[in-house]
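Participant: Residue numbers for the sequence shown, in our numbering: 5 to 81.
Glycine is no exception: its CB is placed at the ideal position from the N, C-alpha and C atoms.
Quantities reported herein were computed from a predicted structural model and do not represent experimental measurements.
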Amino acid sequence: MIKMLSADDKLAEIKRLYYQTSRATIKQDFAKAIDLLKSMSSEEERERVAVYMDGLSQMRSDWAVRRKKEKGIRKKE
5 MIKMLSADDK LAEIKRLYYQ TSRATIKQDF AKAIDLLKSM SSEEERERVA VYMDGLSQMR
65 SDWAVRRKKE KGIRKKE
């Protein structure tokens, strides 16, 4: 049975993803957070999670840049 999440449940899940994500899981965690964000019915709900979404996006970008730099360093060796 699929449980419908309340707005508070969605916020809690996005917060959990934000605090528990890692470099290895950021792509999946960000995708899940986006899906939760899209399922929110009001602008007020989306505003409540904006800071966590911004943080997840920044982590995804930072880790992607580092990954590219590391691949570039390995190729030169």
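Are the CB atoms of residue 34 and residue 64 nearer to each other than 8 Å?
Facilitator: yes
Participant: Do residue 41 and residue 52 have their beta-carbon atoms positioned less than 8 Å apart in this structure?
Facilitator: no
Participant: Tell me the rounded alpha-carbon separation between residue 44 and residue 59.
Facilitator: Taking the straight line from one Cα to the other gives about 18 Å.
Participant: What residues in its chain sit with their C-beta under 7 Å from that of residue 37, if we drop five residues either side in the sequence?
Facilitator: 18, 21, 57, 60
Participant: What span of residues does the alpha helix (DSSP H) with residue 11 cover, start to end?
Facilitator: 11 to 24
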